[in-house]
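First the structure, in the form of structure tokens, and then the observations on it.
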Amino acid sequence: MSNAIVQLEHVTQRFAWRGKAVQAVNDVSLSIAEGEIVCLVGESGCGKTTTGKIVAGLLKPTEGRVVFEGKDVWAMSPEEFKHYRRAVQIVHQDPYSSLNPVRTIYKTLSAPLLRHGFARDNREALAKIRELLEIVGLTPPAEFINKYPHQLSGGQRQRVSVARALTVNPRFIVADEAVSMVDVSIRLSLLNMLTGLKEQMGVTFLFITHDLALAKYFVWEGRIGVMYLGQLVEISPTPDLIEHPSHQYTQALLSAIPEADPNLTRNKERIKLRSLDVPSLLNLPAGCTFHPRCPSYKEGLCDRVAPAPLEVTKEHFAVCHLATQSRAVQAGTM
Amino acid sequence: MPREREQLTKSCEILSVEDLWVEYRSPRGTVKAVRGVSFDLHKEETLALIGESGSGKTTLGMALIRMTPKSGSVPRGRIIYRRDGEMYDVLGLDKEALRKFHWQECAMVFQSSLNAFNPVLRIWDHFHDTARAHGRVSQQALRERAMHLFKLVQLDPERVIDAFPHELSGGMRQRVLLALGLLLDPQILLLDEPTTALDILTQRTVIDLLRRLREELGFSLIFVSHDLSLAAELANRVATMYAGKIVELGDVHDIFYRPRHPYTLGLIKAVPTVTGAFRELASIPGSPPDLVDLPSGCKFQERCPFADERCRKEEPELEGMGANHSVACFKWRQVSLEKEAAHA
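Quick note, the sequences are listed as chains A and B, same order. Residue numbering for the first sequence follows numbering that gives the first Met the number 0, beginning at 0 and increasing consecutively. Residue numbering for the second sequence follows numbering that gives the first Met the number 0, beginning at 0 and increasing consecutively.
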């Protein structure tokens, strides 16, 4: 894509663990366009958080390239790298541990403003902080500005985290499970606030979550990528992924999710997996990594040959030997 | 669930909670965590206690089995437990009787499945200790019972029984806890956030398992959760909690399709579904009240679009509106009209 802001090219991340290599992210390629919103979903240990950290430049991948505005991030000059790190901000999952407990909101937000020259003195910083608190919905700002994190609720803290990310005028925000620790009734207003940032300020988002229903709601106009054991196994514009999942794993996930609607959830068709156990990252299965659990795997193919990404329909890719077949079956039943 | 069966089970209340209050002492003052809760649990039903953090749902769950922490107290209330024609107040049990009540009558599975185990004991020791504490010591019979239960919860008995807790995955530990909970064949199983920390596919296994076990073994299930979809999936009846009170209680279909409390309606409108049509969602403005310094009147009125003068002065009590559905709201007629309008 020509207008890509961030690109991952065959990115692999290995960690050393007791003398062995754990492949947390395995050959992930992903291109995110300016103003786009992409969501990574998957279960714990699938590598979605690691991928987020790689995108934000917090981790240097073992293999592959991270490209920001056409430049390889890890071959940048210090000045360029600083610019990149400022343009790409991350909002962490836990609003209880990601804010410094002994700093007031003012301190937390003024530090990056002053450090990076977005405010020349305390007075300018104060004005800017007021503006930021308004943007993230902490109003009136005067009521929050001198508070400590422990005086705020979880939802309010998460808003402070977002405000902190916004201090340096980022163009790209990685939101790692940014709303999963917040109550249902408040979650939505946080999400709407983030959507507003995208619309008003043109911020590009990489949204990481384990909650597919939330992903559907938040990125209906964007793309969802599904990760499994470090691989991006399916990626597609959201409506097509939800309505026509092509990878067996995505289908299993969608069928397994309980829904907040008794008739809908009790009449859902369930896909039975062959095994409940997730294989260890230390000892990945040969062929397609999902084959030991896949209900429709083909012996001799899926357990031997690793599938390549397949474009099922426009912009909808699945890494599965049976993707086109399952698509045809779905079309037949529609 | 067929209507006839619902009628039948209604007469068999095994647990009746009457005007239960729980308070905690804190440096800022008294936290009124549970404020006058009353409900019945019927034989072989699944009751979901739904609410957000700070709604008092976990405190209520703990109080049901007299496990309120030391900083808490139960100033008022009765918890009537019935079995085979006998009945007693759980709050009046002495230490020894309470010990028997736990596990033999009512077993509980806590939220964090790792912390619930002693990390230096093998799974078998946990089973052995529990059985011995309740006077059942035949090793052979116990081992057979444990093996049987592991099979019921879809675990490989040989792999699990001599394992240490850390050797098992989160989903496996949750299933071991279920097996342990069922060891003494309790009449009630109480679960706190049974699927919260689990991945989607594991969560599905645990949900299906709970449903099957409840049907096969015929116990009653109470679970506490913030997750509406879990209630939609598993419960026969749902109680919505807000600021320490049950604000709505009814059949699961009534709660989801005909909610009468504005808070229940708000929760349902705030939760997206994956399959089904894309629908607009709405959040509930504001945040829950401070339990130390509760506002006057209805505790939801500050966030409620229906609130009027009366709501600001008087707190509504939970009242039946026929058809096993009760609500604590002066405005419930308007709420149900809005819900119908949204459906049309």
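Ideal Cβ positions, reconstructed from N, Cα and C, are used throughout, including at glycine. Keep in mind the model is a prediction, meaning the values are calculated, not measured.
Three-state secondary structure assigned by DSSP to residue i
i	result
residue 203(A)	strand
residue 289(A)	coil
residue 219(A)	coil
residue 15(A)	strand
residue 5(B)	Because residue 5(B) carries a pLDDT of 44, less than 50, the predicted location of this residue cannot be relied on, and the following value inherits that uncertainty. The answer is helix: DSSP assigns residue 5(B) an H, G or I state.
residue 332(A)	Low per-residue confidence applies at residue 332(A): pLDDT is 45, beneath 50, and the placement is therefore not dependable, though the value from the model is reported in the following sentence. Note: residue 332(A) maps to helix in three-state DSSP.
residue 115(A)	coil
residue 105(A)	helix
residue 298(B)	coil
residue 269(B)	helix
residue 135(B)	coil
residue 129(B)	helix
residue 236(A)	strand
residue 236(B)	strand
residue 338(B)	helix
residue 0(B)	The pLDDT assigned to residue 0(B) is 42, lower than 50, so where the model puts this residue is not dependable; a value taken from the coordinates is nonetheless given after this. If DSSP states are grouped into helix, strand and coil, residue 0(B) belongs with coil.
residue 254(B)	helix
residue 296(A)	coil
residue 61(B)	helix
residue 82(A)	helix
residue 95(A)	coil
residue 0(A)	A caution first: residue 0(A) carries a pLDDT of 47, below 50, which makes its placement in the model too unreliable to give a value.
CB of residue i within 8 Å of CB of residue j, strictly
i	j	result
residue 22(B)	residue 72(B)	yes
residue 65(B)	residue 97(B)	yes
residue 52(B)	residue 24(B)	no
residue 256(A)	residue 291(B)	no
residue 83(A)	residue 144(A)	no
residue 34(B)	residue 244(B)	yes
residue 242(B)	residue 259(A)	no
residue 163(A)	residue 107(A)	yes
residue 305(A)	residue 311(A)	no
residue 49(B)	residue 228(B)	no
residue 42(A)	residue 198(B)	yes
residue 153(A)	residue 192(A)	no
residue 291(A)	residue 278(A)	yes
residue 68(A)	residue 4(A)	yes
residue 78(B)	residue 90(B)	yes
Identity of the residue in the options nearest residue i by Cα
i	options	result
residue 167(A)	292(A), 85(A) and 53(A)	85(A)
residue 134(B)	122(B), 221(B), 296(B) and 95(B)	95(B)
residue 120(B)	82(B), 163(B), 143(B) and 84(B)	163(B)
residue 169(A)	15(A), 81(A) and 148(A)	81(A)
residue 47(A)	175(A), 122(A) and 127(A)	175(A)
residue 100(A)	49(A), 303(A), 149(A) and 280(A)	149(A)
residue 335(B)	139(B), 228(B), 203(B) and 260(B)	260(B)
residue 15(B)	32(B), 88(B) and 83(B)	88(B)
residue 308(A)	292(A), 302(A), 287(A) and 293(A)	287(A)
residue 202(A)	296(A), 24(A) and 87(A)	87(A)
residue 37(A)	27(A), 206(A) and 278(A)	206(A)
residue 235(B)	20(B), 27(B), 28(B) and 39(B)	39(B)
residue 296(B)	285(B), 328(B) and 269(B)	328(B)
residue 233(B)	268(B), 43(B) and 151(B)	43(B)
residue 28(A)	19(A), 16(A), 12(A) and 240(A)	12(A)
residue 84(B)	145(B), 17(B), 262(B) and 12(B)	12(B)
residue 9(A)	137(A), 132(A), 183(A) and 25(A)	25(A)
residue 289(B)	125(A), 52(A), 128(A) and 151(A)	151(A)
residue 186(A)	212(A), 200(A) and 199(A)	212(A)
Terminal residues of the alpha helix (DSSP H) in which residue i lies
i	result
residue 310(B)	308-312
residue 29(B)	No alpha helix (DSSP H) contains residue 29(B), which is instead part of the beta strand (DSSP E) from 28-41.
residue 41(A)	Segment: none, residue 41(A) is in no alpha helix (DSSP H) and carries neither H nor E.
residue 102(B)	Run containing residue 102(B): none; DSSP gives neither H nor E here.
residue 291(B)	Looking at the DSSP string, residue 291(B) is not in any alpha helix (DSSP H), and its letter there is neither H nor E.
residue 247(A)	247-255
residue 171(B)	169-180
Boundaries of the beta strand (DSSP E) in which residue i is found, first to last residue
i	result
residue 227(A)	222-227
residue 244(B)	244-250
residue 222(B)	219-224
residue 174(A)	171-175
residue 72(B)	71-82
contact_flag[the segment 265-272 of chain A, the segment 204-218 of chain A] where n(CB pairs < 8 Å) is 3 or more: no
At least 3 beta-carbon pairs within less than 8 Å: the segment 241-248 of chain A vs the segment 312-327 of chain A: yes
Three CB pairs or more closer than 8 Å across the segment 87-105 of chain A and the segment 149-162 of chain A: yes
contact_flag[the segment 318-336 of chain B, the segment 250-270 of chain B] where n(CB pairs < 8 Å) is 3 or more: yes
Stretch-stretch touch, CB-based, cutoff 8 Å, three pairs: the segment 222-234 of chain A with the segment 209-219 of chain B: no
Given 8 Å, three or more beta-carbon pairs between the segment 99-110 of chain B and the segment 163-172 of chain B: no
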